[in-house]
Structures are given as C-alpha cells and as structure tokens.
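A short worksheet on the structure shown next.
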Amino acid sequence: MPTAPDHGDLLLTECRLVNPDPSGHGYQIVDDAVIAIAGSSIVYAGPRQALPSAIAGRAGKRLALDHRLVTPGLIDCHTHLVFAGDRAAEFEQRLSGASYAEIARAGGGILATVTATRAASVSALTESGLQRARSLLGDGVSTIEIKSGYGLDLDSERRMLQAARGIGQELGIHVSTTLLGLHALPAEYRERRADYLDAVINVWLPTLHAEGLIDAVDAFCEHIAFTVEETRRWFTAAARLGIAVKLHADQLSNGAAAALVAEFGGRSADHLEYTDAAGVAAMAAAGTVAVLLPGAFYCLRQSQLPPIAALRRHGVAMAVATDLNPGTSPLCSLRLAMNQACTLFRLTPAEAFAGVTCHAAQALGLGKRKGRIERGYDADLAVWNLHHPAELSYWMGAPGPQHLFASGQQRY
Ligand code: NIG
Ligand code: FE
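Heads up: the sequence shown runs through residues 11 to 422, numbered per this note's numbering.
What follows is the structure in structure tokens.
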C-alpha cells in the first residue's frame with residue numbers, strides 16, 4: 011500500500027471504524043466510514059455519506075482501506091520498559107520455588123535491575139528500551155507510559171526519564187513518563203530510610219519536575235516496599251506541585267493502597283489483586299481507573315484474582331496493560347495482555363478493548379485526546395486485517411496491524 015505523507019491532509023476511506031464502548035458492553039462500529047485527518051488530529055470520523063463537503067473537497071492524500079477494521083491506536087498505560095540487563099536467572103529461581111518477596115528481601119529482584127541500570131548510559135537505556143517499545147508498536151500500540159524506578163538515585167532516575175522521552179521522539183509516538191521514586195529502598199539507604207524519603211521528596215521530585223521530565227508519580231505500596239504513610243507523604247508532595255499520582259496497589263497483600271490513591275484523586279490504582287470492597291468503593295467515588303496487569307499475575311503464578319465483579323458493579327473503568335518489566339512481567343505484547351485479561355481475569359473482549367483504548371487513555375489523563383476515533387482526537391489509528399474486534403483478544407502471537415498512525419503520521 012502507498013505510504014501517506016508525513017504532514018497535511020489525509021482521507022482514509024473504506025474503513026470499518028471501531029470505537030470502544032466505555033461501558034465495556036460491545037463496540038461502537040460504523041461500516042463504510044471515512045476518517046479525515048488534518049495535521050495530527052482527526053477532523054471527521056463517521057459515515058461516508060455524512061462527510062462534510064468542505065472536508066471532502068480538500069486536496070490531500072487518500073488511502074482506501076478495503077473495509078479493514080480501524081481502531082484507535084492501542085495504549086499501554088503501565089510499563090517499566092526502560093532498564094538494563096535482564097532477570098532470567100531470577101525466573102529460574104522462582105521456578106525452583108523461591109518467591110518474588112523472598113528474592114526481593116535477599117537483595118535481588120528490583121535491586122538487581124537497579125545495579126545494572128545505574129551502570130547504563132542514556133543511549134544504552136534508550137537503545138534497549140527501543141527494542142521493547144518497537145515490539146509494542148508492532149502490536150498496534152501508539153501511546154506508552156514508561157516509569158523510572160530502577161535508578162533510585164537522582165542521576166540514574168533522570169537518565170531513565172530522558173531515555174523514555176527519547177524513545178517517544180525516536181518512534182514518533184506519545185510517551186507519558188512517571189517518576190516511580192518509591193519503588194525499592196536502595197542498599198545504601200538500608201539504615202537510613204528517612205533520609206531516602208527526604209531525598210526523593212525534597213530534592214529529586216522538584217528537580218526532575220522543573221526539568222519537565224515527569225508527567226505523574228507512582229510508588230510501590232507493599233509490605234516489601236513502602237508503607238501507606240510513606241506513600242501518603244510522597245503523594246502530598248506531588249499534589250503540592252500539581253503532579254498527578256498513581257499507585258502499584260494491593261498487588262501482593264491488602265494494604266488499603268487502592269483507597270489511598272483514591273483519596274488523592276489518583277489517575278489509576280494498578281494490580282489490585284488484594285483490593286477489598288472498601289478500596290473499590292473509594293476508587294469508584296474518586297473516578298480512579300483500575301489498571302489490570304495479568305502479565306504479572308501470570309508470571310508470579312498468583313491465584314488471588316483482582317475484584318473484577320466488584321469493579322464492574324461499581325462502574326470503575328478497567329484498563330489493561332503489559333506492566334512490561336524485567337522481573338514480574340517480561341511481556342512485550344499488549345494484545346497478549348488482553349488475551350490474558352480475558353482468560354485469567356474473565357474480562358470480555360469488549361472490556362479488554364476498552365481497557366487498551368479509552369480507559370487506558372483515562373488512566374494517563376489523556377481521555378479527551380486519545381483512545382477514541384472522533385473529531386478533535388489525536389489521529390492515532392491501527393488498521394487490522396481482522397473480521398471482528400474480539401479477535402484482538404483472541405489471537406496469541408498473531409501478526410500485528412497492517413498500518414499504524416500516530417498523531418497523523420504513518421509509522422508503518
Ligand atoms: O509492577 N511491583 C513492583 N514493580 C513491578 C515489578 C518490578 C520488578 O520486579 O522489577 C511490577 O510488578
Ligand atoms: Fe509495574
């Protein structure tokens with residue numbers, strides 16, 4: 011197929027337009043649709059007959075899509091894809107019976123990746139992260155959230171965030187960056203926990219915020235990581251600077267972490283395997299998105315399921331993400347995460363689709379710009395050789411989309 015120009019007007023014809031239904035019940039499908047793009051935005055998306063003549067008459071490139079499915083570009087709203095090294099040896103340890111928490115307490119786990127990441131340059135981090143990001147792109151992803159949290163000193167956290175921004179620029183996609191300052195206590199602070207908190211809160215946060223490197227902050231609120239009180243201090247400092255918050259919440263135990271992030275009006279509470287009814291109710295009241303991460307559940311061979319029925323009952327928006335990281339989820343396919351969300355968590359394919367489009371956008375504070383094909387939204391589109399959108403969750407390891415557009419530019 012011909013390649014569209016980098017800028018200017020583009021009219022996609024013969025589209026089978028598929029939008030998510032935010033309720034998670036089914037899809038919003040328009041057969042014989044056209045999508046008009048001007049610059050980086052959608053200026054029309056809908057039935058061919060209703061295309062305003064002023065737009066139809068514009069000069070520009072046209073691309074006929076032969077009635078292929080056109081969905082919003084997918085959004086991976088929770089990744090740790092910038093890091094150095096790998097943890098295949100830890101994978102083997104876990105298969106021989108060691109638990110994730112035991113390995114972490116013995117100084118392995120996250121801290122092993124911290125040692126490797128501290129030794130890596132920005133360009134090395136960018137290069138290795140790019141490989142993983144390209145794999146997501148090949149899967150139809152055009153927006154990625156990337157967390158820091160493997161540097162755990164100011165310079166290394168900065169290098170991770172710079173690498174994340176660099177990956178977005180190199181690939182021409184939107185990258186949301188998150189300062190995961192409270193991920194693990196680094197070894198040099200083992201006896202000085204309070205000093206670590208002071209450094210992250212009083213120095214790193216304002217410094218990296220002033221450098222424009224932070225879109226949100228995150229923490230690992232868990233018995234092997236940081237307490238509710240420590241996380242509360244962290245969120246209070248972020249809120250003072252007007253920075254959005256999100257949280258690794260109740261992944262390994264119920265620490266009332268989901269309720270904490272909801273208390274701060276957080277964008278998302280992520281994992282949630284051990285979240286109780288009060289946590290779900292608090293999220294519903296605050297409009298906090300539930301980010302489900304079946305890749306980590308699968309790799310850790312967990313059995314405690316997130317409270318899907320309660321989330322549904324309370325109308326909490328559910329997103330699905332890869333959690334791509336070297337320890338608990340070396341998963342480089344968002345569609346495989348959708349498949350796992352359906353198979354392991356019993357989401358419907360329509361819920362999984364909303365989970366990687368409109369609800370993922372909401373989890374990143376991008377709900378008015380991304381995750382839907384609609385006038386005024388960014389022209390992020392994936393074109394699929396599929397008959398039905400449920401196939402996005404059904405196939406495992408199948409070929410990616412035929413085309414991907416990010417902000418109006420054709421990536422492939
Ligand atoms: O989302 N839970 C904490 N953080 C990551 C794991 C990071 C790691 O093990 O390297 C997660 O599962
Ligand atoms: Fe994570």
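Glycine included, each C-beta is placed from N, C-alpha and C at the ideal position.
Residue i, enclosing alpha helix (DSSP H) - first and last residue
i	result
GLY178	164-181
HIS219	215-220
GLY139	132-147
ALA320	318-323
ALA347	344-355
VAL210	Per DSSP, VAL210 belongs to no alpha helix (DSSP H) and is neither H nor E.
ALA296	287-296
Unbroken beta strand (DSSP E) run spanning residue i, endpoints
i	result
MET328	328-330
HIS30	The identity of residue 30 in the sequence shown is Pro, whereas the question assumes His. From DSSP, the beta strand (DSSP E) with PRO30 extends over 19-30.
ASP228	226-231
LEU190	184-192
ALA416	413-416
Cβ shell of residue i (< 8 Å), same chain only, five flanking positions each side left out
i	result
VAL238	CYS231, GLY265, ALA266, ALA267 and LEU270
VAL227	THR188, LEU189, LEU190, GLY191, LEU215, TRP244, PHE245, ALA248, ILE253, ALA254, VAL255 and LYS256
ARG277	ALA226, ALA254, VAL255, LYS256, THR298, VAL299, GLN372, ALA373, LEU374 and GLY375
LEU140	ILE177, GLU180 and LEU181
VAL210	GLY191, LEU192 and TRP244
ALA69	ASP19
GLY222	none
Helix, strand or coil at residue i according to DSSP, with G and I counted as helix
i	result
ALA64	helix
TRP405	coil
ALA309	It should be noted that the sequence gives Cys, not Ala, for residue 309. Looking at CYS309 - three-state DSSP - the assignment turns out to be helix.
GLU155	strand
HIS281	strand
VAL366	coil
ASP423	Examination of residue 423 is not possible in this model, given that the chain is present from 11 through 422 alone.
ASN395	coil
ALA373	helix
ALA302	A quick correction: the sequence has Leu, not Ala, at residue 302. Of the three classes helix, strand and coil, the one that applies to LEU302 here is strand, per DSSP.
TYR422	coil
TYR199	helix
ALA269	helix
ALA43	strand
Close Cβ partners of residue i (< 7 Å) along its chain, the five nearest in sequence each way excluded
i	result
GLY148	GLY410
ALA351	LEU302, PRO304, VAL330, LEU357, ALA362 and GLY365
GLY36	ALA360
GLU427	The displayed coordinates of the chain run from 11 to 422. Any statement about residue 427 would go beyond what the structure contains.
Local Cβ density within 10 Å of residue i, reported as buried at 16 or more and exposed below that
i	result
ARG142	buried
ASN349	buried
GLN372	buried
ALA197	exposed
LYS378	exposed
CYS158	Inspection of the sequence shows that residue 158 is occupied by Ser rather than by Cys. Buried, since its Cβ has 16 or more Cβ neighbours within 10 Å.
ILE293	With the sequence shown as reference, residue 293 is identified as Met, and Ile is not the correct amino acid for it. Buried, because 16 or more other Cβ atoms sit within 10 Å of the Cβ of MET293.
LEU105	exposed
THR136	buried
THR127	buried
LEU251	exposed
ARG202	exposed
GLY407	exposed
ARG26	buried
ASP16	A caution first: ASP16 carries a pLDDT of 44, below 50, which makes its placement in the model unreliable, though a value can still be read off. Its Cβ having fewer than 16 others within 10 Å, ASP16 is exposed.
PRO233	The sequence as given places His at residue 233; Pro does not occur at that position. Exposed, because fewer than 16 other Cβ atoms sit within 10 Å of the Cβ of HIS233.
ALA116	exposed
ARG5	In this structure the chain extends from 11 to 422, so residue 5 is not present and cannot be described.
GLN420	buried
HIS258	buried
ARG169	buried
GLN38	exposed
ALA370	buried
Close beta carbons around residue i, own chain, < 6 Å, minus the five adjacent residues each side
i	result
ALA296	ALA272 and GLY275
ALA130	ALA94
HIS184	THR153
ALA174	VAL92, ILE156, VAL185 and THR187
TRP405	none
Please specify which runs of the beta strand (DSSP E), each continuous and at least 3 residues long, are wholly inside the region 49-125, giving them in chain order. Segments of the beta strand (DSSP E) lying fully in the region 49-125: 51-57, 71-82 and 84-86.
Extract the residue ranges of the beta strand (DSSP E) inside the region 235-267, only unbroken runs of 3 or more that lie entirely within it. Annotation: the region 235-267 contains the following complete segments of the beta strand (DSSP E) (minimum length 3 residues), in chain order: 254-259.
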